[in-house]
Structures are given as structure tokens and as C-alpha cells.
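Engineer: For reference, the structure I am asking about is given below.
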Amino acid sequence: MTFADKILEAAQEGIVLLRNEKETLPLNENESVAVFGRGQINFIKCGLGSGGSVHAPYSTNLIDNLPNADKELAGKYRAFVKENPFDNGGGAWAAEPWNQKEMPVSKELASECAKKSSKAVIVITRNAGEDKDLVNEKGSWLLTDEEFENIKNICAAFEKVCVVYNACGIVDSSWLDSPELNGHITAVVYAWQGGQECGRSAAYILLGKSNPSGKLSCTIAKTIEDYPSTAGFNTGVDSIYLEDIYVGYRYFNTFAKDRILYPFGFGLSYTSFSVEFSKAKFNGKEISAKALVRNTGKVAGKEVVQLYVSCPQGKLGKPARELAAFIKTELLQPGQEELVELSFNIENHASYDDSGATGHAFCKVLEAGKYFVYGGTDSLSASPVEFEESDSIELAETSVVEQLTSAAAPVKSFDRIRNEGGKVAMEKTPARKYDLKKRIEESIPAEIPYTGDKGIKFLDVKADPSKLDAFIAQLDDTMLMTLCRGEGMMSRKTVPGLASAMGGLSEALYQFGIPVAGCADGPSGIRMDTGTEANLMPIGTLLACSWNLDLVKELMEYEGDELVENKIDTCLGPGINIQRNPLCGRNFEYFSEDPLLTGAMTCTILDGIQSRGVWPTIKHYACNNRENGRRVNNAIVSERALREIYLAPFEMAVKKSGAKSIMSSYNLINGVQAASNYELCQTILRDDWKYEGLVMTDWWAQVNDCVEGGNSDNEMVSQMIRSRNDVYMICQNDKAELDGNDDDLRKSLASGKLKRSELQRCARDVVAFMIETKVAERPLRGLNDVPGFVSKLDKIPEGEIAYGETTKFMKNGQTKAYMEVPEDDVYNFLAMFRKEDDGTVSQSVCNLNIDGENAVSLNCRTTEGRSEGAIMGLLKLTKGFYEVELVHTKPGIEIDYVGFSRIVTTSTGMRFFHDYGEPELEHPRFGKKKKTDN
């Protein structure tokens, strides 16, 4: 089986069938079906942003994989799409619209199609992503008027209509049973976004080549207003998590069952199953139950068996049910049975007491009372599972499961939801009472005395980790600071096209044998902005909806192999934030509204990739639950909700799968930026969970004071270091040694505001991590290896211009040109460029290809519209002619001109470049052809 085969298998497994009436599905290949919606052609493979920027080798659509589709209707859509091309927003960051212009479907067209087909399929596409949340408006969360009019006309002509959602997450479903549609929406399928096999996987499900076995990883409520987090979503800087621990089905199953349209864990099949539970057992810690699953239908299929626990309300209050365990069966043939066993540790459902109400403040506690277990195939319909001698287990007294430390508490109290007999009540959230400044000061480690070079190299530490402190003792302040900064994007010091480079980024560190590790986006595949292809996997939500841990692990083993093949040392993913609200644009990267399902998916992904020797970077730590204004968004959340919901998947990853790399989020948590949040990065992560890995910031993160909070910028990196966030991502290439983004590390060390020992601690984390990576096993490559090209052209095409050394070209929007290299030598390529500030951390990339191959690159976040010069890279070229092309893999950069020279080696020297046809400018010190620096 190939990687692509496994992607197709996984994509099918996560598709969810929500409705199937009147034998609408599966489609009969011998009967014509009318397929409506341009999404049949423009089937969307992934969400927007860094997580979806994989250069996939191909992408499948729906219509090409439905041989029984009405070809005349398909032809009309092809003509429409040709006249109205897919709008990708010009390729700019977060510019692609949520929906695409649809072809009008008149009553007459629908009626004509109904004469040839008895069934219709309607494809509805929606997309969102990084820096782009959905909004409760038509064309985003809601249907457009044009879409609803089309659907109304189709339903008037067809009695059996299947809706296929090709979307980044759930969107509005309140219209499905609108009286105007005559009850003719008889099937509903969530195909999500299946990566490069998106269209083929959906077609195989519709045709019955594969039996749907996906289950929802979130709750679909009747309206967006039904979610308690919607009222304060994207309404200002502060996001108040008033729903507290009652997220998703925890809220709906407890307070609002009547507002559930499709429950968490729900999904249909083309066959039927019986699930019979035996008596549950309890050994004092673990609850276990066996279930006999039988395929009672006519086709082979799989079922997901789920266990839920209902804990006593006690003094803290609990949701009506919490997912406790799940398992997916093998493929069962008609009549075949499988006995499955599910078990869970009751301590996993302990409550965190952030108020002291139980008498055990800041502890995880199991409160006294009865614990009931429910089993079934979704959260709402699961029925009681009795124990051998009673209907529940009863704990006589409240017990402490784990003593923890109060951390990351709100600065001010706010109102949060509490369960009072199944009714929503409100209570005050406990506010911070401890002395954070004192806690931080008392944790400052002792300094490792500086020794200078004692001959201990990086590989010596790899062979004997006990030498790590002695190795760190050799490094001076500049080396330590360099280790705590990453460079990028598109660094020449690692694999071309990656998001960042970290580690031995300077000649001084290189002399100690410290290699440079490469970091690549992202959760759904490898992003290489040189245009290098990589396999694109299904989105995280689809994988979670498979509920198939073994399958996802197998998929990630292939991903691990591809990471190793491309010499990538950490992939920036998976994204393991909780789907707090359906409007979050980045939900497609995330798995679920449930922390157990999220954590289980995280662990199986880590196990798969790590089995190949690559360390995934789990993200975004923590509460990255909104994209619009994410860099200034302040998540105001209780300690309890943090511990039980939002941090729980990270804790599972650390404790169960040995995670080694974590990325902090952009947002603030209770007033302090996640990037400089001591309580997240040290108190909880390292003190409580005993984490021994690396922490890095998100790209161009902002930081603020780790005690007082306040204003944020990207210069207070000393606060990041103090908080034990080890690496600032990112500074410009070649700037890690030169104070990064003009940060305050050197100044803070000199003033004593930051202790050298704190810097050593973070640098130590970096080296310890790199020892564990694949780069430590590869031969040490040169820090600035210069790629070479040999001229292939004897002459240039007639009428073209050959641009020479120090001549400006690629002007006025020009993207293709020819250049003439005068001698065999090493040349600097430089560019004058500009980029507007769009208010995001958009990542624009422009590659310079020579004779069709990537040569050097330019990346930029913003120049605020000013023209700036930059070195694109060094190239070793032979004498002769070359074809040169600019390729904007991530548009946004405006190129004023490009030039190459042996003399000009810094951007300030670009003033000596000249226009074609003008005299070559003579450098006042070095003449015209002398090779030296400016």
C-alpha cells in the first residue's frame, strides 16, 4: 500500500452519514444522478493557512469519480467554472472567500434534469482557516440566498436529494427541514476535506464502494446561537469562557438536549448493528465492559462503540456525561460478530477543584457518590450499563487523585456556568491569589559557570548526555541567545522551503558541531514553499471522525517516512486545540470538542510519526480557539476549564506519548501572552506534568510581561526566556546571532533583568531536543552551502534581453527573463521588494527559479509598504546564459527588481545596480568587478 492509498482509506473512514431516508444512498451506478453545485468540480481539499499550504501532487474531485452522473449537467458546470474560475483571493493570505460563486439552477433546469435522474446530489462548499473565522452571515456559516433558491428549485423537481458538505467544519444545518423543501432532503453527508483524495473518497461513499463508518467529533446544534460560546465569539479583545467545562455535548447533554440536531458520536451506516453490553466491572480504579457487536444488515461495515460516565454532582458540579472510552470494530461481514472490550481509569474523570469547595483546593478529586456508565453509539442515545451487583459504583468519600499547583488563574473573577440539577446556574470564578513574581524568582536556576571552549562537541553530548551542562558551559552569551532564536522562513541553512531553522545558526555554534534543524508546516502534510510536492492528508476533523486510532497511526507512519525522506526534523502539528465554537476558522486542523477524543488522536499521531524518529510539534498551547484578532485575543478562562478541557490533550500527549516539542499560541490567557506565560510553560507543563522537551513560540509571536501582562510586542523576548519558552520563532534569516528582531535579550542580560542561568536553561532545552532528532544522525552539513548551476543555453531566444551582472531585471511585474553570467564564480542574488501590512502574520514567499529549478527565495511578513532590499541567496554559476523565473508560491510580495553581483553582498550596496542599457556604476572603493563585501 502506498501513502496515497492510505490517504484514500483514511478519507473514506472519516466521512459521516447523518441522514439516509428512502434508500437515497448508496447511489446505483446503473442509474443516472444529477449532481449540482460547482463544488463537484472545485472540491476543496484542505482549509486555509499554513496547515493547508501543501503542494500536493494531485487532487481529486467528485464529478470525475461518479460515472453515473448526468454528463450534460456536468458539462454545464464545467462551462460555468471555466467562465467563473475558482476565486482563491489572488493567493493572498486569508483572502480566499468562504464560498464560491454558484451557477443558478432554475426550475426549468432542475425539471429537465429530473427527467433523466431520480436522485440529485447537491455539493455545498465552505472554507475558512488561519486568520479567517467563519461568521454568522450568508455565504459563511449560512447559505446564500442564491444557494437556497437553487436548493428549493432542486427539491421541487426531485424527491430524493442528498446534500454533501465539502467543508472545513460544520456549518448551518437549520435549513435542511425547511417547509419550502418539501421534506425532500433525504440524505446528508459530511465529506469534510479529505486531502488529495477528497473527491474520490466522497464518491466512493456515495456509490457504496465504501460503507460510511464516521461518527461526529462534535455536536451539531439546531442554530449557531445554541452554542453558549457564540455570544462572546469575535466580539472584542476579551473572550470570556463563561461555559467553563460545559463545552459541546457536555453542555447540550446537560442543559439543552432539545437543541441537538445531531449528537456527538453520531453517524449512520449502509448496514445495521446490534450492540449488547455485558455487566461492567470495577477493580477499584478501572471500569471495564465488554460489548458484543453484530452486523445485522446486508453489507459489510464498521461500528464505533462508546462508553460514557456520569459522575456525581458533588460540590463542584459535572456534565451529565463525559466520554470515557471508545473502540472501532473491524470490518464486519453481514451476520459477523465481534466482542470488544472497553476500559477506563475512573481517575481520568476527577474534577479540578479551583475553589476549595471540596476542602482540597487545587487538587484533582473524585467526589463521593454514584458513578453511572452508559454505552452505545453516540452521546445522546447511549443507555445504562449496569454493574454485576448494582446500577452504578459508589464512592463513600471524596478522594484526592493528584495534588497540583494553582496556576494560570484569572486575574479578576467572572461569571461561569454551573450545573444545578440540570439547569444552568452561574457562579463566580476564583481569581488568582498567589504571588506569581515570587514564584518565578524562586525558580531561577543556578548559573553554570562559563568555561570557554573545552573541546566538548555536540556529538560528544549525544554519545553521553551527562556532558550536556559542561557543553552549555562553553557557550558565551551570544551563542546562548542564538540558540534561543529561530530563523526563517526559507532559511538556506536547512532544507529549502521550510518554515524555520533552529539550532546551530552561527559559525560559532557550527564550530561546536551543533547542526541546524528544519521545521516544516504542518498538520496535514509537509509544506515546502519551494513548490516541492508532498502528500496532502485529510484534515484533523475528518481523522477524528474516523474514531479509528489504528488507521490514523498507520497513516502517520507514512507521514513520518516522508518527513525523514525530506530531512525534516519536526513537523509543526498536529493542532490539538478544542473545537470550542463552530465558527473558529482553524477547527479543520483540530479534532474535536472533546478532550479525550482529541488527546487520543494526538497520541496516536505522535506514536505513528515518532516511530520514524521525527518529533511532531503539538500546538497551539493553549486556547487558540479564535482566528480573527488572534494575536490580541485574551482568553479569560478558569483554572478548572483549562485543566479539564483545554490543556487535557496536551497533558495526554506528554504523559502517554512522550511529546518532545510544543508550540505556544498567539493569544493571551488571562492577560498574559502564551509565549511568555510562565505558568503554562513552567508550572503546569514542567513542574506538574514533568515535561522534558522543547517549547517554541508561534511565528512572529508577541510577548508581554510574564507577571504583569500589559502591552505586547515582539521585542520582550527576555520575558519569553524567563517563562521557559525556549525558542522565539522567528527572526529574519542570518539575524539569530545579531539580536534577532532587535529583541531585548542582550540588554536584559547586561542590566541583570534576565539572568544568564535562565538563558542557559532554555539553550539547554534546545540542545537536548536536537540530540533526539534525526539531524543529530545526519552528517553535519555546511552552514551556508552554496548551490550550483551550469549554463544550459548557447543563446537566448530572439528578441529577448540578456541581463548582466548588477543590472536590474524583473521590473514592472516582469516574471520571466534571461541573464548572462560573465564568469564562473559565486554570485549574490538580491531583490528590492515591498509588502503591505495586512494586519495578519501572513507569510508571503517568492522563489527565483533558474532553468526551472528553485535557486533562491525571498520571504516576508511585511515591510509596511516600504521598499526594502534583501539578499535572496548565493549561487555558484558557470559562464553562460540562464532562464530566470519568479514564482510567487505565497503571493503578497511586490518585486521592484532583482539583480546579481559578485561585488554587492549587502542590501545597502544595491544602490550600485543599474537599469538595462545604462552605464555600469563603478563602486567608489572596489571598482566594478572586484569581489568583496560593502
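In this note's numbering, the protein residues as written are 1005 to 1938.
Every residue, glycine too, gets a C-beta built ideally from N, C-alpha and C.
Here the structure is a predicted model, which is why all the values come from computation and not from measurement.
Would you mind reading off the limits of the beta strand (DSSP E) that contains residue 1825?
Structural biologist: As a first step, residue 1825 must be located in the sequence shown, where it is residue number 821. Counting along the chain, the beta strand (DSSP E) containing residue 1825 begins and ends at 1820-1825.
Engineer: Which whole runs of the alpha helix (DSSP H) in the segment 1617-1676 are 4 residues long or more, in chain order?
Structural biologist: Whole alpha helix (DSSP H) segments, 4+ residues: 1652-1661.
Engineer: Taking only the alpha-carbon atoms, compute the straight-line gap between residue 1146 and residue 1601 and give it to the nearest angstrom.
Structural biologist: Numbered from its first residue, the sequence shown carries residue 1146 at position 142. Numbered from its first residue, the sequence shown carries residue 1601 at position 597. So the two alpha carbons sit approximately 28 Å from each other.
Engineer: Compute the Euclidean distance between the alpha carbons of residue 1484 and residue 1492, then round it to the nearest angstrom.
Structural biologist: Taking the sequence shown and counting its residues from 1, the one referred to as residue 1484 is at position 480. Taking the sequence shown and counting its residues from 1, the one referred to as residue 1492 is at position 488. Spanning the two alpha carbons is a distance of roughly 18 Å.
Engineer: Do residue 1573 and residue 1432 count as a contact pair if the criterion is CB distance below 7 Å?
Structural biologist: By one-based count along the sequence shown, residue 1432 stands at place 428. By one-based count along the sequence shown, residue 1573 stands at place 569. Contact flag unset, no.
Engineer: Use the C-beta contact count for residue 1818: other C-beta atoms within 10 angstroms, 16 or more gives buried, fewer gives exposed.
Structural biologist: Taking the first residue of the sequence shown as position 1, residue 1818 is located at position 814. Exposed is the call here.
Engineer: Cα-Cα, which of 1062, 1645, 1119 and 1696 is closest to residue 1658?
Structural biologist: The residue given as residue 1658 occupies position 654 in the sequence shown. Comparing Cα-Cα distances from residue 1658 to each of 1062, 1645, 1119 and 1696, the minimum goes to 1696.
Engineer: Grab the span of the beta strand (DSSP E) containing residue 1375 for me, first residue to last.
Structural biologist: In the sequence shown, residue 1375 corresponds to position 371, counting from 1. Segment 1373-1380, the beta strand (DSSP E) holding residue 1375.
Engineer: Alpha carbon to alpha carbon, how far is residue 1419 from residue 1385?
Structural biologist: Taking the first residue of the sequence shown as position 1, residue 1419 is located at position 415. Taking the first residue of the sequence shown as position 1, residue 1385 is located at position 381. The straight-line gap from Cα to Cα measures roughly 31 Å.
Engineer: Please specify which runs of the beta strand (DSSP E), each continuous and at least 3 residues long, are wholly inside the segment 1121-1151, giving them in chain order.
Structural biologist: 1123-1130
Engineer: Can you tell me where the alpha helix (DSSP H) holding residue 1529 begins and where it ends?
Structural biologist: The residue you call residue 1529 lines up with position 525 of the sequence shown. Neither: residue 1529 is in no alpha helix (DSSP H) and is coded neither H nor E.
Engineer: Do the CB positions of residue 1503 and residue 1495 come within less than 7 Å of each other?
Structural biologist: One-based indexing of the sequence shown puts residue 1503 at position 499. One-based indexing of the sequence shown puts residue 1495 at position 491. No.
Engineer: Should residue 1948 go down as buried or exposed, given a rule of 16 or more other Cβ atoms within 10 Å for buried?
Structural biologist: Absent from the model: residue 1948. The displayed extent of the chain is 1005 to 1938, so no value can be given.
Engineer: Determine which residues share a DSSP beta bridge with residue 1341 and list them.
Structural biologist: Here residue 1341 refers to the residue found at position 337 when the sequence shown is read from its first residue. Residue 1341 is bridged to 1298.
Engineer: Once you ignore the five residues that flank residue 1081 on each side, which residues in its own chain have a CB closer than 7 Å to its CB?
Structural biologist: On the sequence shown, residue 1081 is found 77 positions in, with the first residue counted as 1. Excluding sequence neighbours, residue 1081 sits near 1042, 1044, 1045 and 1107.
Engineer: If you check the beta carbons only, do residue 1587 and residue 1237 fall under 7 Å apart?
Structural biologist: Numbered from its first residue, the sequence shown carries residue 1587 at position 583. Numbered from its first residue, the sequence shown carries residue 1237 at position 233. Yes, the pair counts as a contact, with Cβ atoms nearer than the cut-off.
Engineer: What first and last residue would you give for the alpha helix (DSSP H) that runs through residue 1615?
Structural biologist: Residue mapping note: residue 1615 aligns to position 611 of the sequence shown, counting from 1. In the DSSP assignment, residue 1615 falls outside any alpha helix (DSSP H), carrying neither H nor E.
Engineer: Straight-line CA distance for residue 1892 to residue 1849?
Structural biologist: Your numbering for residue 1892 matches position 888 in the sequence shown. Your numbering for residue 1849 matches position 845 in the sequence shown. Cα-Cα distance, rounded: 6 Å.
Engineer: Please list the segments of the alpha helix (DSSP H) lying wholly inside the segment 1472-1555, counting only runs of 4 or more residues, in order along the chain.
Structural biologist: 1472-1477, 1481-1487, 1511-1515 and 1544-1550
Engineer: Here's the rule I'm using: 16 or more other beta-carbon atoms within 10 Å means buried, otherwise exposed. How should residue 1935 be labelled?
Structural biologist: Locating residue 1935 in the sequence shown gives position 931, counting from the first residue. Low per-residue confidence applies at residue 1935: pLDDT is 38, beneath 50, and the placement is therefore not dependable, though the value from the model is reported in the following sentence. Burial call: exposed.
Engineer: Ordered along the chain, which non-local residues of its own chain (more than five positions away) have a Cβ less than 6 Å from that of residue 1333?
Structural biologist: Counting from one through the sequence shown, the residue named residue 1333 turns up at place 329. Only 1297, 1306, 1307 and 1342 meet the Cβ criterion.
Engineer: Mind checking residue 1407: buried by the 16 CB within 10 Å criterion, or exposed?
Structural biologist: Numbered from its first residue, the sequence shown carries residue 1407 at position 403. Residue burial is scored here from C-beta neighbours: residue 1407 has fewer than 16 other C-beta atoms within 10 angstroms and is therefore classed as exposed.
Engineer: Take residue 1521 as the anchor and find which of 1665, 1284 and 1110 has the nearest alpha-carbon.
Structural biologist: Taking the first residue of the sequence shown as 1, we reach residue 1521 at position 517. When each option's Cα is compared against that of residue 1521, the closest is 1665.
Engineer: Would residue 1929 be called buried (16 or more neighbouring beta carbons within 10 Å of its own) or exposed?
Structural biologist: Against the sequence shown, residue 1929 aligns to sequence position 925. Per-residue confidence for residue 1929 stands at a pLDDT of 45, beneath the threshold of 50, marking its modelled position as unreliable; no derived number is given.
Engineer: Is the beta carbon of residue 1277 less than 7 Å from the beta carbon of residue 1383?
Structural biologist: Within the sequence shown, numbered from 1, the residue matching residue 1277 stands at position 273. Within the sequence shown, numbered from 1, the residue matching residue 1383 stands at position 379. No, they are not a contact pair.
Engineer: Just to confirm, is the Cβ distance from residue 1471 to residue 1464 under 7 Å?
Structural biologist: Along the sequence shown, read from residue 1 onward, the residue named residue 1471 stands at position 467. Along the sequence shown, read from residue 1 onward, the residue named residue 1464 stands at position 460. Taking 7 Å as the cut-off, the beta carbon of residue 1471 is found closer than this to the beta carbon of residue 1464.
Engineer: Of the residues 1872, 1612, 1171 and 1265, which one's Cα is nearest the Cα of residue 1181?
Structural biologist: To locate residue 1181, count along the sequence shown from 1; it is residue 177. The residue with the shortest Cα to Cα distance from residue 1181 is 1265.
Engineer: With distances taken Cα to Cα, identify the nearest neighbour of residue 1534 among 1896, 1920, 1158 and 1890.
Structural biologist: As a first step, residue 1534 must be located in the sequence shown, where it is residue number 530. Selected option, being the one with the closest Cα: 1890.
Engineer: By Cβ distance, which residues of its chain are closer than 6 Å to residue 1811, with the 5 residues on each side in sequence left out?
Structural biologist: Taking the sequence shown and counting its residues from 1, one reaches residue 1811 at position 807. Hits under 6 Å: 1920.
Engineer: Provide the residue span of the alpha helix (DSSP H) that contains residue 1008, from first to last.
Structural biologist: Residue mapping note: residue 1008 aligns to position 4 of the sequence shown, counting from 1. Residues 1007-1017.
Engineer: State the DSSP-derived secondary structure class of residue 1606, mapped to helix, strand or coil.
Structural biologist: Looking up residue 1606 in the sequence shown gives position 602. In the structure shown, residue 1606 sits in a helix (DSSP, three-state: H, G or I).
Engineer: Among 1726, 1674, 1633 and 1625, which residue has its Cα nearest to the Cα of residue 1689?
Structural biologist: Locating residue 1689 in the sequence shown gives position 685, counting from the first residue. When only C-alpha atoms are compared, the closest one is 1625.
Engineer: Around the C-beta of residue 1515, are 16 or more other C-beta atoms found within 10 angstroms, so that it is buried, or is it exposed?
Structural biologist: Your numbering for residue 1515 matches position 511 in the sequence shown. Exposed is the call here.
Engineer: With a cut-off of 8 Å, do at least 3 Cβ pairs link the segment 1164-1184 to the segment 1132-1150?
Structural biologist: yes
Engineer: Please state the DSSP three-state secondary structure of residue 1880.
Structural biologist: For the purposes of this step, residue 1880 is taken as the residue at position 876 of the sequence shown. If DSSP states are grouped into helix, strand and coil, residue 1880 belongs with the strands.
Engineer: How many angstroms separate the CA atom of residue 1685 from the CA atom of residue 1676?
Structural biologist: Locating residue 1685 in the sequence shown gives position 681, where the first residue counts as 1. Locating residue 1676 in the sequence shown gives position 672, where the first residue counts as 1. About 12 Å.
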